[in-house]
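Below is one structure, written out as structure tokens, with a few remarks after it.
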Ligand code: TRH
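Residue numbers (the numbering used here): 17 to 375.
This is how it looks when you write it as structure tokens:
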């Protein structure tokens, strides 16, 4: 997309936090990637406080703005409404009033379910309200080429591969003892920690990210297990932590994606929904990610994933899945290679905005 005076285009990324950190985490990740690729990015959010630890340093071309200020702002060339957050009415009215209207794109939540392919790229003409006359477009991230893909910054996989994980961790006081395996644990309070620790067995160092497990895990540790409570890391350092561990337990959306880029075995705690929608969402992901993996290991890993999410019993298969490291690593690498062959989300979004913009 080009602007009239050939200055870099301005993208507005609008974020309203539902809970936890994923909404802001995804928006920051996108805004930063755009800025580093030369776009002027403005991130509008109603709760900027987690940025104090996620992104303490400024990023060139990235402006962070409180949500309320959007009401009086002039919209840029592209407006990304994330997760149906509805930008302020005055901002939408200003979009409609622009001579060259911005492309208005709603970036949706990530899922491997079939509806994603059907819904990706659909247009929703606005017939009423402050945006009457505008088109809003739906953009769905996803795991195959019929979707919008995943955020993957240029050079990411090379950086993962070049990372000296043990040295990086040891320099922070989180080094492993001889023969020890290391995992990172970022989990919701309802995580079934006791059966997990039993299934893991001895020889593990657990690096506990902030949250309920920092208090809950230590009294549950079994013989031959250690735990260290970590501070909240910057998003970049959290990535490096994932790259440096033998197993990553992640949750929500953003840490889930980043663990897949880490290329290490990954256990996902899905965001729980009262209506049970998380069950099919988990199964759809497992269907995609485990396709082609060795049959018996894949069945065991599925059992473990269900158990970790309270969607199945803890059986001996769960412990077996964790013991069979070569199969788990092979699956993680093969899945990452498949995902890395797709066009990344930011590139797709830029091409999409160029087609949708300037109505
Ligand atoms: O925090 P999450 O559970 O977030 C979400 C929200 O609940 C959201 O409402 C929901 O819709 C979504 O999940 C599915 O998990 P997530 O998505 O992994 O976000 C955590 C962010 O915090 C991610 O960007 C990584 C970052 N992070 C750090 O920067 N430093 C850290 O030390 C840790 C542990 C995380």
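Just so you know, even glycine gets a beta-carbon here, dropped at the ideal spot from N, CA and C.
Note that this is a predicted model, so its numbers are computed, not measured.
Delimiting residues of the beta strand (DSSP E) encompassing residue i
i, result
"residue 139", "139–141"
"residue 225", "No beta strand (DSSP E) holds residue 225; DSSP gives it neither H nor E."
"residue 28", "26–31"
Of the residues the options, the one placed nearest residue i, counting alpha carbons only
i, options, result
"residue 312", "261, 277 and 339", "339"
"residue 251", "48, 236, 25 and 191", "48"
"residue 80", "225, 64 and 271", "64"
"residue 196", "153, 232 and 262", "262"
"residue 86", "115, 244, 29 and 365", "29"
"residue 126", "159, 102, 50 and 150", "159"
"residue 55", "31, 82 and 92", "92"
"residue 74", "143, 205 and 52", "52"
"residue 202", "183, 117 and 249", "249"
"residue 292", "304, 264, 301 and 327", "327"
"residue 359", "281, 211, 320 and 169", "169"
"residue 301", "283, 337 and 102", "283"
"residue 255", "180, 138 and 157", "180"
"residue 188", "174, 246 and 306", "246"
"residue 193", "303, 243 and 225", "243"
"residue 342", "317, 354, 321 and 361", "317"
"residue 46", "138, 167 and 308", "167"
"residue 309", "289, 273 and 346", "346"
"residue 114", "33, 362, 232 and 149", "149"
"residue 34", "57, 26 and 61", "61"
"residue 395", "42, 32, 24 and 171", "A question about residue 395 goes unanswered here, because the residues of the chain that appear run from 17 up to 375."
"residue 356", "222, 191 and 174", "174"
"residue 84", "224, 182 and 32", "32"
"residue 223", "190, 89 and 184", "190"
"residue 373", "78, 185 and 96", "96"
"residue 185", "89, 361, 273 and 253", "253"
"residue 100", "42, 154, 234 and 271", "154"
Neighbourhood of residue i by C-beta, 7 Å cutoff - its chain only, sequence neighbours within 5 removed
i, result
"residue 286", "294, 297, 298 and 325"
"residue 146", "105, 108, 109 and 112"
"residue 268", "36, 38 and 287"
"residue 371", "none"
"residue 176", "259, 277, 278 and 279"
"residue 369", "17, 94, 119 and 121"
"residue 364", "164 and 165"
"residue 229", "201, 203, 207 and 209"
"residue 152", "120, 122, 140 and 142"
"residue 275", "258, 264, 266 and 282"
"residue 156", "124, 132, 135, 136, 163 and 164"
"residue 348", "279, 280, 281 and 282"
"residue 352", "276, 277 and 279"
"residue 26", "56, 58, 92 and 93"
"residue 90", "110"
"residue 161", "358"
"residue 103", "30, 86, 95 and 97"
Limits of the unbroken alpha helix (DSSP H) element including residue i
i, result
"residue 237", "No alpha helix (DSSP H) contains residue 237, which DSSP labels as neither H nor E."
"residue 39", "38–52"
"residue 331", "Note, residue 331: premise wrong, no alpha helix (DSSP H); not H, not E."
"residue 366", "361–372"
"residue 249", "From DSSP, residue 249 is part of no alpha helix (DSSP H); its letter is neither H nor E."
"residue 357", "First-last for residue 357: undefined, no H or E at that position."
Beta-carbon contacts of residue i that lie in its chain and below 8 Å, excluding the five residues immediately before and after
i, result
"residue 239", "218"
"residue 44", "59, 67, 70, 71 and 251"
"residue 220", "196, 197, 198, 199, 240, 241 and 242"
"residue 82", "60, 61, 62 and 64"
Same chain only: Cβ atoms within 6 Å of residue i, ignoring 5 sequence neighbours per side
i, result
"residue 66", "37 and 40"
"residue 367", "none"
"residue 236", "209, 210 and 213"
"residue 323", "330 and 334"
"residue 306", "314"
"residue 337", "316, 317 and 320"
"residue 375", "Caution is warranted here: a pLDDT of 34 is assigned to residue 375, below 50, making its placement in the model unreliable, and the coordinate value is therefore given only provisionally. Excluding residues within five positions, the ones whose Cβ falls inside 6 Å are 117."
"residue 304", "128 and 159"
"residue 227", "none"
"residue 361", "157, 164, 165, 166 and 167"
- Along the chain, which unbroken stretches of the beta strand (DSSP E) at least 3 residues long are found entirely within the stretch 151–210? With a minimum length of 3 residues, the continuous beta strand (DSSP E) runs that stay inside the stretch 151–210 are 151–155 and 197–201.
- Message: Quick check for students: name the residue ranges of the alpha helix (DSSP H) that lie wholly in the stretch 252–319, counting only runs of 4 or more.
- Response: Correct list: 270–278 and 294–306.
- Task: Starting from the N-terminal side, write out each stretch of the beta strand (DSSP E) that is 3 residues or longer and does not extend beyond the stretch 60–143.
- Result: Runs of the beta strand (DSSP E) lying entirely within the stretch 60–143 and spanning at least 3 residues, in chain order: 78–82, 94–98, 119–123 and 139–141.
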